[in-house]
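The structure appears right after this line, and notes come after that.
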Amino acid sequence: MNLSKITIATLAAFHLVQATSAVAANKKYLNQQANINNSTQNSGSSVLMVSPDQLVGLEAGNELVILKEIKSNNGDTTRRYQQLYNGLPVIGDTVSLTFNSNGQLKRAHGAAVYDIAGDIDTVTPKLNKGLVVAKGLQSSSVAMKSVGLEKHHEKSQLAIWGDEQGLAHLVYEVSYVTYGKNPSRPYQIIDANTGDVLFSIDNLQHADATGPGGNLKTGKYIYGTDFDSLNVSQTGSNCLMNTTNVKTINLNGGTSGSSAYSFTCPENTFKEINGAYSPLNDAHYFGNVIFNMYNDWVGTPPLSFQLLMKVHYSSNYENAFWDGSAMTFGDGQNTFYPLVSLDVSAHEVSHGFTEQNSGLVYSGKSGGLNEAFSDMAGEAAEFYMKGTNDWLVGKDIFKGNGALRYMNDPTLDGSSIDNQSSYTSGMDVHYSSGVFNKAFYNLATTSGWGTEKAFKVMARANQLYWTASTNWDLAGNGAMDAACDLNYDPSAVKAALNAVGVNSNLSSGSSCGVTTPPVEDEALSNGVARTGISGSDKEQLFFTLDVPAGASNLVFSTIGGSGDADLYVQFDSKPTLTTYDCKSTTSSSTESCSISSSQTGTYYVMVEAWNAISGVSLTGSYEGGAVGEIPPINRTESNVSVTSGGWTRLLKFRYWYSSLDISMAGGSGDADLYVNFGSASSTNSYECRPYKNGNVEACTIDNPQAGVWYIDLKGYSAASGITLSISAD
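If you use mature numbering (1 follows the signal peptide of the UniProt record, and there is no 0), the sequence shown corresponds to residues -24 to -1, 1 to 705, in order.
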């Protein structure tokens, strides 16, 4: 006989439940508050006289026992109940009932199970627990991963469980935790009479935790408020700084240890030391940032194993180091705060990346390059997390003014060099790192480049082209080849290297295919000046302005700054020097284009630097117009796919709407939907990310900002055949 699961609806329904006629229901739609209120009002005080079991309509042999009770300020009381059948828990569902201050039922959530006796004639199992668990280990792929590993927090109980076909089973519910290279928490439901594994998953849950970070120099910030929450695993009320990517260890003044730091969920405040608020929180959070940056930008984790972040090393230790297996951080003393800053953390992790890729020897010029790459990674991590970086190595943990090293001008520390001609044999690698640090700064600040793009080049060179004893000229060759691989302009890399005395060339026979991809056109807002426009001689910069129906007096103008900017405007496509609707080319940067009869849609604006320009302002403005008349979006993308850990960039648009709805469904694998404003999404930058299992996800954004919106998919695992629907009106 099939057991019946009925969703809790109204009080009247509770009293009318018949086991033979009840049907399974979707737990998503349990709350029927309005109907319950009506039934309660009609029932009057009679509700006070019946038990929760009677309210739900359970048969003999069943009862509800309270798991938790929460009282609200308005006088309501909500109780969560566990259903028992002949004393055994019915797992998989609970019942939640809310009563008003008079004891009357107000609302209900959850599900109860009926007709259990039709499937289970006795609650005495045929197999003992030990045999069942052993059989489960041999037959479950989840549990097999844990064979040979020590089990922690092992739990098991005899229970009742209903399968997807509606049959009730007498089962053993089994779970435990293993802390191997990849921590796991196998969870199994095993038939107590046959030993068959009915259900099995890895149930290591990644929770969101909170707590302080920072130090007296940076100021205190709160994870979960100022930044994203800490990504930890959770067992019961215990939070563990141990996830698939990062494990954080509290050495607590010692020099060895391997146990992940744990605390009572959801907040960790341990511990303030030497002016820092919680180096453990910082280390764990930064470790995840670094892992995600490498995955997103380089396409690979930084290390071939879990990041180990060891904090509170020794006593008054003023350094941090990579020992081949872990990143270790001292608490500092007089010179430094605890050495857990984002750039220092990325620096140490990236020594591991170098060791596992190029293997640069830590002396001579290769040693300087080794140090420089780690400094580059520190700046890249800052940019990845914050959208900007300061070019100051270790500034946040240095108690004095300034920083440890200055990538924009390495000589400011009094010891580092900024040109290969200044190198001497035996020079400290931290000082010789200045040459490639300055080259990296030169490249990242080249027009059309940036920190992300420059780091991708150096990371690829480290992965593929640098070798253990690479000198700087050869390292530059590798960087140019890496730029070519990525379809970036290798001549920009060459120029950045030449400026620091490094003479490098693209490998013979290289065909780079394309030059630097164009920068995305920047969207203007009506009447709002875009200030600080700069460009080199003859550089062309593009902008757009969306004009609604009914607009009039459309004017584009440039003013201020230095140099000579020329202005070109065209509707619906980019202007050129010979095709345009309007141009203004005086001998200064004061230009103006007026469109007497504007059209509805997008106007493209080109600002050309006739001579190099700096500090120019551009404004596009119109009067009137109805935003609501912008054409709506209603489109579907079919058969969308994404690789594991990769990104599929689907759509960007510039219109403004009152609402934006994106949904995806279908296909195989597990893709995650990201929606972001102003730039392509990343794991740390998004306006909406449902982050659910499978491919059914949706984002709704009310009153989205005017400007560029990006819709992206990231592969949690490889996924294909997805249908994406986008609507905006």
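All residues carry an ideal CB built from backbone N, CA and C; glycine is no exception.
Asked, Found
"Completely contained beta strand (DSSP E) runs for the region 486 to 551, where each covers 3 or more residues", "506 to 511, 516 to 523, 527 to 535, 538 to 547"
"Contiguous beta strand (DSSP E) assignments of at least 3 residues, all confined to the region 616 to 661", "623 to 629, 635 to 641, 647 to 653"
"Residue 694 in three-state terms, based on DSSP", "coil"
"Cut-off 7 angstroms between Cβ atoms - residues of its own chain near residue 237, not counting five sequence neighbours on either side", "217, 224, 225, 226, 256"
"Own chain residues within Cβ distance below 6 angstroms of residue 700, not counting five before or after", "613, 616, 640"
"Top-ranked residue by Cα proximity to residue 172, from 650, 149, 189, 651", "149"
"Inter-stretch contact (C-beta, 8 angstroms, three-pair minimum) for the region 360 to 370 and the region 334 to 343", "no"
"Within the region 252 to 323, ranges of the alpha helix (DSSP H) (whole runs, at least 4 residues)", "255 to 269"
"Identity of the residue in 423, 414, 346 nearest residue 473 by Cα", "414"
"Opening and closing residue of the beta strand (DSSP E) in which residue 580 lies", "577 to 600"
"Straight-line Cα distance separating residue 188 from residue 250", "15 angstroms"
"Nearest residue (CA-CA) to residue 93, options 137, 499, 69, 385", "137"
"Supposed contact pair residue 660 and residue 221 - C-beta distance, whole angstroms, cut 8 angstroms", "The Cβ separation is near 14 angstroms, so there is no contact."
"Per-residue DSSP class, three states only, for residue 556", "coil"
"Rounded distance between the beta-carbons of residue 388 and residue 361, thought under 8 angstroms", "Wrong, their Cβ atoms sit about 25 angstroms apart, outside the cutoff."
"Neighbourhood of residue 439 by C-beta distance below 7 angstroms, restricted to the same chain and skipping five residues each side", "333"
"Rounded separation between residue 527 and residue 575 - CA only", "8 angstroms"
"Pick from 523, 563, 568, 522 that is closest to residue 543, judged by C-alpha positions", "568"
"Proximity to residue 284 [Cα-Cα], best of 241, 295, 234", "234"
"Ordered list of alpha helix (DSSP H) runs contained in the region 318 to 358, each at least 4 residues", "318 to 332"
"Cα-Cα separation between residue 102 and residue 151, rounded to whole angstroms", "21 angstroms"
"Residues that residue 381 bridges to, as DSSP identifies them", "369"
"CB contact flag (residue 241, residue 264, <9 angstroms)", "no"
"Distance between residue 417 and residue 490 (C-alpha atoms, nearest Å)", "For residue 490, the predicted structure reports a pLDDT of 41, less than 50, and the residue's modelled location is therefore unreliable. A value from the coordinates is still provided. If I take the Cα positions, the gap works out to 23 angstroms."
"Run of the alpha helix (DSSP H) containing residue 168, from where it starts to where it stops", "That residue, residue 168, is in no alpha helix (DSSP H); it is neither H nor E in DSSP."
"Coarse secondary structure for residue 677, derived from DSSP in three states", "strand"
"For residue 347 and residue 405, believed in contact at Cβ under 8 angstroms, the rounded distance", "5 angstroms"
"Reference residue 448, options 407, 99, 411, closest by Cα", "411"
"DSSP three-state assignment for residue 134, whether helix, strand or coil", "strand"
"Nearest-angstrom beta carbon gap, residue 481 and residue 463 [assumed within contact, 8 angstroms]", "No, residue 463 and residue 481 are not in contact; Cβ-Cβ is about 19 angstroms, not under 8 angstroms."
"Between the CA atoms of residue 288 and residue 648 - distance to the nearest angstrom", "36 angstroms"
"Residues that DSSP places opposite residue 223 in a beta bridge", "218, 284"
"Cβ neighbour criterion (16 or more within 10 Å) applied to residue 668", "exposed"
"Beta-carbon proximity of residue 508 to residue 583, cut-off 9 angstroms", "no"
"Alpha-carbon to alpha-carbon, residue 693 and residue 314", "37 angstroms"
"CB of residue 408 within 9 angstroms of CB of residue 381, strictly", "no"
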